[in-house]
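Undergrad: Residue numbers (the numbering used here): 458 to 844.
Glycine is no exception: its CB is placed at the ideal position from the N, C-alpha and C atoms.
Shown next as structure tokens:
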């Protein structure tokens with residue numbers, strides 16, 4: 458049986474460092490041509506090869522900058538490959554950015570039919586699915602409103618509903634589901650599972666490894682534009698966590714954050730960061746989210762929303778920050794951290810899945826499977842009450 462999607466010797470190169478200029482006179486253009494600045498190149502994808510068969514759900518896993526989104530854009534024919542080729546034996550629909558393929562001046566209803574025509578469907582075929590699309594998206598009240606007045610969440614709902622219900626043979630989905638609320642994300646995952654079981658093919662990119670594991674049987678691991686591994690999804694996730702994340706990380710001189718570290722100190726967790734900015738920061742603030750090893754958020758902290766956070770203008774341009782996370786009562790296991798840094802009103806830095814910590818002995822409770830009891834040990838007082 459031939460694969461529904463073939464990827465062969467796929468390379469994608471981008472030019473970086475090119476300086477944009479305003480309109481130039483003929484003389485200026487001539488002078489510029491004699492002193493043409495050298496442009497650097499960057500290979501976002503390097504010799505990618507794999508096959509996808511009808512009905513498979515494939516998870517594309519990797520850190521930020523690994524080439525995941527670039528790969529889906531090439532597969533969607535949004536951008537052409539520099540070398541190599543793809544061969545799709547079926548209609549491809551993609552959901553890569555909120556509102557991609559939508560026109561802001563058209564109403565929600567008009568955009569449904571526009572997307573259908575882009576996918577090569579007749580008006581009657583889209584009309585037959587219209588009620589299902591509207592019902593799933595939940596934007597019936599605003600269907601005759603121009604899309605430019607929709608929130609990002611409403612656009613996502615409509616875009617996903619159109620892509621999933623117009624029955625493409627191949628559905629490509631990027632991290633955009635993170636825009637939706639928790640209920641809608643659960644609804645989307647259920648729909649993607651239904652799409653896959655109906656014999657259609659799904660390629661899914663997400664940092665939520667729990668969602669990837671739930672939906673996908675097989676995966677591709679990318680690192681710096683190269684395919685590192687193609688295997689069952691459990692081995693893909695295990696290899697990704699083992700190879701890419703430690704309890705400390707250094708950043709280059711262009712990053713506002715220079716160093717991050719997390720460690721367990723008895724029953725507490727300590728997160729440290731050093732930062733350096735060329736500009737005066739209004740309120741230097743460091744926040745985090747803790748996830749379990751499948752990407753489900755456990756807890757987090759935003760100092761700008763905390764009444765106990767203290768800020769010191771003495772450290773407005775550079776310094777070190779330490780957050781002592783007191784007795785989070787985490788059960789034994791592997792936890793990952795996403796970290797952001799900002800000034801209180803603007804985010805300057807964010808790194809997803811940048812740190813990992815093995816937690817041991819934080820609670821005295823006898824360990825039970827986290828799949829049954831969750832990941833946090835409650836503090837309970839147990840007593841009998843006489844009648």
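Pair every Cβ in the stretch 734-753 with every Cβ in the stretch 661-671, then say whether three or more of these pairs are closer than 8 Å.
TA: Touching, yes.
Undergrad: So, with DSSP's three-state summary, where would you put residue 761?
TA: Start at 1 with the first residue of the chain shown, and residue 761 comes out as number 304. It is helical.
Undergrad: I want to know whether the stretch 653-667 touches the stretch 595-613 - three or more CB-CB distances under 8 Å.
TA: With a cut-off of 8 Å, the stretch 595-613 and the stretch 653-667 do not count as touching, because too few Cβ pairs lie within range.
Undergrad: Within 8 Å, do at least three Cβ pairs link the stretch 710-718 to the stretch 533-553?
TA: The stretch 533-553 vs the stretch 710-718: no contact.
Undergrad: Hey, would you say residue 591 sits closer than 8 Å to residue 597, going by beta carbons?
TA: Your numbering for residue 591 matches position 134 in the chain shown. Your numbering for residue 597 matches position 140 in the chain shown. Taking 8 Å as the Cβ cut-off, residue 591 and residue 597 qualify as a contacting pair.
Undergrad: So, at 6 Å on beta carbons, what are the nonlocal neighbours of residue 559 in its own chain, with the 5 sequence-adjacent residues on each side left out?
TA: Counting from one through the chain shown, the residue named residue 559 turns up at place 102. Around residue 559: 568 and 604.
Undergrad: Within 8 Å, do at least three Cβ pairs link the stretch 494-509 to the stretch 676-684?
TA: The answer is yes - the stretch 494-509 touches the stretch 676-684, with three or more Cβ pairs under 8 Å.
Undergrad: Using a Cβ-Cβ cut-off of 6 Å (strictly less than) and excluding sequence neighbours within five positions of residue 523, which residues of its own chain qualify?
TA: In the chain shown, counting from the first residue as 1, residue 523 sits at position 66. Closer than 6 Å at the Cβ level, and outside the excluded window around residue 523, lie 679 and 680.
Undergrad: Which residue spans inside the stretch 631-692 form an unbroken beta strand (DSSP E) run of at least 3?
TA: Here the runs fully enclosed are 658-662, 675-680 and 683-689.
Undergrad: Excluding the 5 residues flanking residue 616 on each side, which residues of the same chain have their C-beta closer than 6 Å to its C-beta?
TA: Within the chain shown, the letter at position 159 stands for residue 616. For residue 616, where only same-chain residues beyond five positions count, the Cβ hits under 6 Å are 552.
Undergrad: In or out: residue 703 buried (at least 16 other Cβ within 10 Å) or exposed?
TA: Taking the first residue of the chain shown as position 1, residue 703 is located at position 246. Classification of residue 703: exposed, given that the 10 Å Cβ count is below 16.
Undergrad: What residue ranges within the stretch 551-580 form continuous alpha helix (DSSP H) runs of no fewer than 4 residues, ordered along the chain?
TA: Within the stretch 551-580, the complete alpha helix (DSSP H) runs of at least 4 residues are 565-575.
Undergrad: Which residue's Cα is closest to the Cα of residue 629: 812, 600, 842 and 462?
TA: For the purposes of this step, residue 629 is identified with residue 172 of the chain shown, where counting begins at 1. When only C-alpha atoms are compared, the closest one is 462.
Undergrad: Where does the unbroken beta strand (DSSP E) through residue 845 begin, and where does it stop?
TA: No statement about residue 845 is possible, as the shown extent of the chain runs from 458 to 844 and does not include it.
Undergrad: How big is the Cα-Cα spacing for residue 585 and residue 631?
TA: Residue numbering aside, residue 585 sits at position 128 when the chain shown is read from its first letter. Residue numbering aside, residue 631 sits at position 174 when the chain shown is read from its first letter. If you take the alpha carbons of residue 585 and residue 631, they lie about 27 Å apart.
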